[in-house]
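Okay, structure first, notes after.
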Amino acid sequence: MHLIMIVASMVVVYWIRCQWTQPQGTWSERWQYALFLFLFPPLLIFMTAIAVICMGPQGKMSGLQTGWFSYVLALISLAFSVVLCIKLAWGGWQSVKSARKCSLVDLAGRQVRVLDTGVPFAGQIGFWQPELVLSQGLLHTLSPEQLETVLAHEQGHYHYRDTFWFFWLGWVRSCTAWLPNTEALWQELLALRELRADAHAASQVDPLLLAESLLLVVSSPPISSEICCAALSSSHVDRLEQRIEALLAQPEPVPEVQLQSWNSYLLAFLPLVTVIFHT
Numbered sequence: 001m002h003l004i005m006i007v008a009s010m011v012v013v014y015w016i017r018c019q020w021t022q023p024q025g026t027w028s029e030r031w032q033y034a035l036f037l038f039l040f041p042p043l044l045i046f047m048t049a050i051a052v053i054c055m056g057p058q059g060k061m062s063g064l065q066t067g068w069f070s071y072v073l074a075l076i077s078l079a080f081s082v083v084l085c086i087k088l089a090w091g092g093w094q095s096v097k098s099a100r101k102c103s104l105v106d107l108a109g110r111q112v113r114v115l116d117t118g119v120p121f122a123g124q125i126g127f128w129q130p131e132l133v134l135s136q137g138l139l140h141t142l143s144p145e146q147l148e149t150v151l152a153h154e155q156g157h158y159h160y161r162d163t164f165w166f167f168w169l170g171w172v173r174s175c176t177a178w179l180p181n182t183e184a185l186w187q188e189l190l191a192l193r194e195l196r197a198d199a200h201a202a203s204q205v206d207p208l209l210l211a212e213s214l215l216l217v218v219s220s221p222p223i224s225s226e227i228c229c230a231a232l233s234s235s236h237v238d239r240l241e242q243r244i245e246a247l248l249a250q251p252e253p254v255p256e257v258q259l260q261s262w263n264s265y266l267l268a269f270l271p272l273v274t275v276i277f278h279t
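1 is the number of the first residue of the sequence shown in the UniProt record's numbering; add one for each residue after it.
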């Protein structure tokens, strides 16, 4: 019976992920659509595995005998997820340690780490309390006015705690790389993350000046991971085009997250209800 639960959840997961199409509309609509398709399938898989483990390898469910195979399968899947989380956390911590070796300077009243490289780079590196890292190349390339737009963009990442939340989203991506459209959804979420930070910056500085700074920085090769780093230069060509177009147009306000937008995720917890039918 447990194996039937696992197979049923996999069918639902594949069906949901295959619904992905490149969305149109406002930032909020795109964000909710992409986040649901990205998070709901792995959440359903995890809840199914937890339910199977809670019921154990022995007993009956709805009159059908359970067994060890589904129990071990669920245990392995959860153990694999934990190992991936530890691996990503260790890699992120190494990035934080590396950033903290950079010299600390005061720039426009802000504490900034300066990376000794000629490649223009600006990014928040860390988890809940990331540190702002700028490169020598960026300081030499941009004017003071352009540099102010970069600082405003990175402050947007800090405001929304992007490094922390995208660490967990990156973990979900690693755990479900085998599911359809995982990479497409990940790139969509990254694009929306940058659009949100751009909109935050555009409310404080000149959007055209930010677009100029963006073109100068993105023309250089990336030097960071997108898991625990939110960098101005983390853009593919199509993502860069979206950002420039959004900055040239009137930036749309980013709405506050509404609690009811999370109601649909409660359906992923339905497998836990089956525990009461196990004897």
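Heads up, the beta-carbon is just placed ideally off N, CA and C, and yes, glycines get one too. Remember, it's a predicted structure, so these values are computed and weren't measured experimentally.
Can you say whether residue i is buried or exposed, counting buried as having 16 or more other CB atoms within 10 angstroms of its CB?
| i | result |
| --- | --- |
| residue 159 | exposed |
| residue 144 | exposed |
| residue 217 | buried |
| residue 4 | exposed |
| residue 81 | buried |
| residue 31 | buried |
| residue 182 | buried |
| residue 79 | exposed |
| residue 8 | exposed |
| residue 98 | exposed |
Enumerate in chain order the residues of its own chain whose CB-to-CB distance from residue i is below 7 Å, with the five nearest sequence positions on each side excluded.
| i | result |
| --- | --- |
| residue 127 | 92, 163, 164, 167 and 228 |
| residue 75 | 53 |
| residue 209 | 145, 146 and 149 |
Below 6 Å CB to CB, which residues in the same chain sit around residue i once its five sequence neighbours on both sides are set aside?
| i | result |
| --- | --- |
| residue 77 | 49 |
| residue 105 | 112 and 114 |
| residue 33 | 23 |
| residue 186 | 173 |
| residue 239 | 191 |
Can the beta-carbon of residue i be found closer than 9 Å to that of residue j?
| i | j | result |
| --- | --- | --- |
| residue 142 | residue 213 | yes |
| residue 109 | residue 140 | no |
| residue 85 | residue 133 | no |
| residue 207 | residue 51 | no |
Contact defined as beta carbons within less than 8 Å: I believe residue i pairs with residue j. What is the distance between those atoms, to the nearest angstrom?
| i | j | result |
| --- | --- | --- |
| residue 35 | residue 20 | Incorrect: roughly 12 Å between the Cβ atoms, too far for contact. |
| residue 197 | residue 156 | 4 Å |
| residue 202 | residue 247 | 6 Å |
| residue 249 | residue 205 | So it is not a contact: roughly 16 Å between Cβ atoms. |
| residue 230 | residue 124 | 5 Å |
| residue 269 | residue 10 | Contact doesn't hold; Cβ gap of about 17 Å is too wide. |
Considering only residues of the same chain and omitting the five flanking positions on each side of residue i, which have a CB-CB separation below 8 Å?
| i | result |
| --- | --- |
| residue 137 | 117, 118, 119, 120, 121 and 220 |
| residue 83 | none |
Would you call the region 132-149 in contact with the region 8-15, where contact means no fewer than 3 C-beta pairs closer than 8 Å? no
Touching by the beta-carbon criterion (3+ pairs, under 8 Å), the region 166-183 and the region 32-43: yes
So does the region 240-249 actually touch the region 185-197, counting three or more Cβ pairs closer than 8 Å? yes
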